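In this note's numbering, the protein residues as written are 28 to 319.
Don't be surprised by glycine CBs; every beta carbon is placed ideally from N, CA and C.
None of the values given here were measured: they were computed from a predicted structure.
Structure record follows, encoded as structure tokens.
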């Protein structure tokens with residue numbers, strides 16, 4: 028695979044993921060756990076197929092090799108998935124998307140604390156800049172009573188960071204088995220919560236279809252594109268290319284839902300995006316390019 032093909036695949040993955048919040052907003056009767064349940068059902072088959080393909084038919088053996096680090100990473104993904112769904116129902120999609128984007132900074136902090144990885148000075152500066160943007164967005168949400176959604180979006184970002192750190196701690200080069208476990212754990216937790224809450228798992232058939240489609244086509248297909256595309260792209264460039272998710276999620280919210288973020292959110296989100304781009308661009312000087 029060539030470098031240009033990899034870039035296109037990662038860009039498309041971000042575009043697929045950027046549509047997910049609008050899809051979540053389309054549910055009228057399903058609650059967070061019911062959405063998570065059926066979305067996970069859609070994600071699992073396509074993820075398992077990809078693991079089977081990559082491992083030459085040794086899918087379950089590959090999944091078992093993830094070990095404790097894989098289990099911890101999967102738990103992080105459960106928090107990320109549940110928090111992500113809940114957040115876009117309780118705050119603006121723009122707020123949620125910009126807060127999701129703070130995951131690389133949280134990963135850098137956790138890596139510094141847990142794995143004793145060095146924290147680059149430019150990353151620390153970019154983090155300080157991002158905090159200003161986060162403050163502006165959250166303060167706007169507090170004034171409008173949407174702060175719980177912002178907190179859940181931040182929980183989602185923390186979950187993705189735990190996932191990333193677990194991969195590094197366990198030296199797991201293939202993230203897909205952990206993604207599969209995360210989807211499986213999310214399904215089981217969502218089933219438990221749906222039944223114990225008394226709401227059950229019965230929702231309209233068209234909403235089941237939407238949730239399955241989000242899991243299989245948007246989340247799952249995006250994961251396939253990202254997995255293959257990322258093999259020929261340096262990590263710092265991936266952070267830039269994945270910005271399509273952050274940039275287009277508010278655009279789809281405006282286009283399909285007529286949801287316009289306030290000036291404070293746009294300013295705060297712009298500051299966060301600037302910080303991410305700054306960190307990624309400076310990171311290019313510290314990470315060797317992959318052979319193309």
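Taking its Cβ as the centre, do 16 or more other Cβ atoms sit within 10 Å of residue 173, making it buried, or is it exposed? Its Cβ being crowded by 16 or more others within 10 Å, residue 173 is buried.
Which same chain residues end up closer than 8 Å to residue 163 when comparing Cβ atoms and leaving out the 5 residues on each side of it in sequence? Exclusion of the five residues before and after residue 163 leaves 291, 292, 294, 295 and 298 as the residues of its chain whose Cβ lies within less than 8 Å of its Cβ.
What residue range does the alpha helix (DSSP H) around residue 199 cover? Looking at the DSSP string, residue 199 is not in any alpha helix (DSSP H), and its letter there is neither H nor E.
Residue 131, DSSP secondary structure in three states: helix
List the endpoints of the continuous alpha helix (DSSP H) containing residue 171. Residue 171 -> alpha helix (DSSP H) spans 148-171.
Rounded to whole angstroms, what is the Cα-Cα separation between residue 259 and residue 33? 6 Å
Do you know whose CA, among 63, 200 and 41, lies nearest residue 219's CA? 63
Between the stretch 74-88 and the stretch 145-153, do at least 3 Cβ pairs fall closer than 8 Å? no
Just mark residue 285 as buried or exposed, buried being the case when its beta carbon has 16 or more other beta carbons within 10 Å. When all chains shown are included, residue 285 counts as exposed.
For a test of your reading of the model: does the CB of residue 83 fall under 6 Å from any non-hydrogen atom of the ligand PLP? Yes or no. The ligand PLP is not part of this structure, which contains no ligands at all.
Cβ separation of residue 96 and residue 188, assumed to be a contact under 8 Å, to the nearest whole Å: Not quite, the Cβ-Cβ distance comes to about 14 Å (not below 8 Å), so this is no contact.
Look at the alpha carbon of residue 257 and the alpha carbon of residue 142, and state the distance between them as a whole number of angstroms. 23 Å
Quick check on residue 33: does DSSP put it in helix, strand or coil? Helix.
Whole-angstrom distance between residue 227 and residue 37, CA atom to CA atom: 37 Å
Separation of residue 237 from residue 81, as counted between CA atoms: Between residue 81 and residue 237, the C-alpha separation is close to 28 Å.
Buried or exposed: which applies to residue 55, given that a residue is buried once 16 or more other Cβ atoms fall within 10 Å of its Cβ? exposed
For the stretch 109-121 against the stretch 36-52, are there 3 or more C-beta pairs whose distance is under 8 Å? yes
Could you give the distance in angstroms between the alpha-carbon of residue 57 and the alpha-carbon of residue 79? If I take the Cα positions, the gap works out to 32 Å.
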